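Enquirer: When the count follows the working numbering, it moves up by one through the sequence shown with no breaks and lands on 341 for the last residue.
Pasting in a structure now, in structure tokens, and then I'll have a few things to ask.
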Amino acid sequence: MKFLDRARIYVASGAGGAGCLSFRREKFVEYGGPNGGDGGRGGHVFAEAVENLNTLIDFRYQQHYEAPNGRPGEGSNCTGADGDDLVIRVPVGTQIFEEDEETLVADLDRPGERALLAKGGNGGWGNARFKSSVNQAPRRANPGQPSETRTLWLRLKLIADFGLIGLPNAGKSTFLAATTAAKPKIADYPFTTLHPGLGVVRLAEGESFVLADIPGLIEGAHEGAGVGDRFLGHVERCAALIHLVDGTADDVVGAWRTVRGELSAYGHGLSEKREIVCLNKVDALSEADVATKLKALSRAAGKPARAVSGVSGAGVPALLRDLMTIKKAMATPAAVEEEHDAGWAP
């Protein structure tokens, strides 16, 4: 399935049904009076976050969404049927913006969460509503309210616990394939990964987390170099970043600093996120080279760097266990806060 993380859609709610102008007509009833019913409400348009979707590609082929109108009222005080609501299914992590692409309408980051995009018009009143002591036979009925139309932008930010970042050919896709059931494209040339990929790491019963593989960053990515930095939005929601540095590179510190510079240029708090620095491809290095490069990388990052290999699996199990510990630690404060926020219950 092709990946698409940005799409424009046009939505229109249903218009309200017209009220009915009708009078009671029965044998032996000389003055039956008005009995026109109200029109039905037009259908609303909702967006709903659903699981098992991770692309907006469907919106490339269908951009227009229109809910049905309400039915008009009828005689005998019959109210018209409401128009059915239209629910647009979007991936979890979808943000919805106004046409200016800046005004946020909704951020659907939980399965089942809904947002009202266009409200259906109310049905018009039938003439029975206008009967009064001074007007026993009103010849007036209201039309239904018109539909609401909007142009909206959808922007997907994948929901992942940890994001894999690094220069092209740092071994991110190999690491993802080695630790999850994902099957990313892997080859020995830059920018093999052109779109973000997701994989689930399963350690034990009930212990799992999601990894996001982000296309490689190069110097000047924030200015559009390479594949640019547009995919960095997919790691904004991550608890931490796993920074893979190619151990076979001559200047591992320079490689680390290049990516850090792009994170700072991108903004949105990415440079402040927790970072796990890993020297990758250690299976291709001698023990002396691993020790030298680890020491230099740790000094530059200001924290201990790890030695790992997505090919041989060296250092990977310990890293995955520590990532699971980080995920549990990040989830605990939220659970406590939610418990305190719950209102009093008998």
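Glycine included, every Cβ here is placed at the ideal spot set by N, Cα and C.
Note that the coordinates shown come from a computational prediction; the quantities given were computed from them, not determined experimentally.
Grab the span of the alpha helix (DSSP H) containing G249 for me, first residue to last.
Expert: V247 to Y261
Enquirer: Between G107 and A10, which are expected to be in contact by the criterion C-beta below 8 Å, what is the C-beta distance as a whole number of angstroms?
Expert: Not quite, the Cβ-Cβ distance comes to about 29 Å (not below 8 Å), so this is no contact.
Enquirer: Let me know the alpha helix (DSSP H) ranges lying completely inside the segment 21 to 63, each 4 residues or longer, listed in chain order.
Expert: 53 to 56
Enquirer: According to DSSP, is I321 helix, strand or coil?
Expert: helix
Enquirer: So what's E267 in DSSP terms, helix, strand or just coil?
Expert: helix
Enquirer: Could you check what DSSP says for A172 in three-state terms: helix, strand or coil?
Expert: helix
Enquirer: Could you have a look at E334 and say whether DSSP puts it in helix, strand or coil?
Expert: Per-residue confidence for E334 stands at a pLDDT of 49, beneath the threshold of 50, marking its modelled position as unreliable; the derived number appears in the next sentence. Collapsing the DSSP output to three states places E334 in a helix.
Enquirer: Less than 6 Å between C-beta atoms, sequence neighbours within five positions excluded: which residues of the same chain meet that for M325?
Expert: A234
Enquirer: Since D284 is in the alpha helix (DSSP H), which residue starts that stretch and which ends it?
Expert: E282 to A296
Enquirer: What does a CB cutoff of less than 6 Å around T89 pick up in its chain, not counting 5 residues either side in sequence?
Expert: L103, L149 and L151
Enquirer: Which residue wins for smallest C-alpha separation from V129, given the options G28, L212 and R1?
Expert: If we check each option's Cα against that of V129, G28 comes out closest.
Enquirer: N164: which of V303, V240 and R3 sits nearest, CA to CA?
Expert: Minimum Cα distance to N164 is reached at V240.
Enquirer: Contact between the segment 259 to 267 and the segment 301 to 313 is defined here as three or more beta-carbon pairs at a separation below 8 Å; is this criterion met?
Expert: Under the three-pair Cβ rule at 8 Å, the segment 259 to 267 does not count as touching the segment 301 to 313.
Enquirer: Note down, in chain order, each residue of its chain lying with its Cβ closer than 8 Å to the Cβ of D80, except the 5 sequence neighbours on either side.
Expert: For D80, where only same-chain residues beyond five positions count, the Cβ hits under 8 Å are G38, H39, V40, F41, A62 and G115.
Enquirer: Go ahead and pull the three-state DSSP assignment for R301.
Expert: strand
Enquirer: Could you tell me the alpha carbon to alpha carbon distance between R20 and R135, rounded to whole angstroms?
Expert: 18 Å
Enquirer: Buried or exposed: L189, going by 16 or more other Cβ atoms within 10 Å of its Cβ?
Expert: Note that L189 scores 49 on pLDDT, short of 50, meaning its location in the model is unreliable and no value can be drawn from it.
Enquirer: Measuring alpha carbon to alpha carbon, tell me which residue in W251, M319, I321 and T320 is nearest R300.
Expert: What sits at residue 300 in the sequence shown is Ala, not Arg. Comparing Cα-Cα distances from A300 to each of W251, M319, I321 and T320, the minimum goes to W251.
Enquirer: Could you check if T169 is buried or exposed, using at least 16 other CB atoms within 10 Å of its CB as the buried criterion?
Expert: buried
Enquirer: Are there 16 or more other CB atoms within 10 angstroms of the CB of G201, so buried, or fewer, so exposed?
Expert: exposed
Enquirer: From the DSSP secondary-structure annotation, give me the bridge partner or partners of W120.
Expert: Answer is none; W120 lacks a bridge partner.
Enquirer: Nearest to A279 by CA position, among L265, Q57, V272 and S307, is which residue?
Expert: S307
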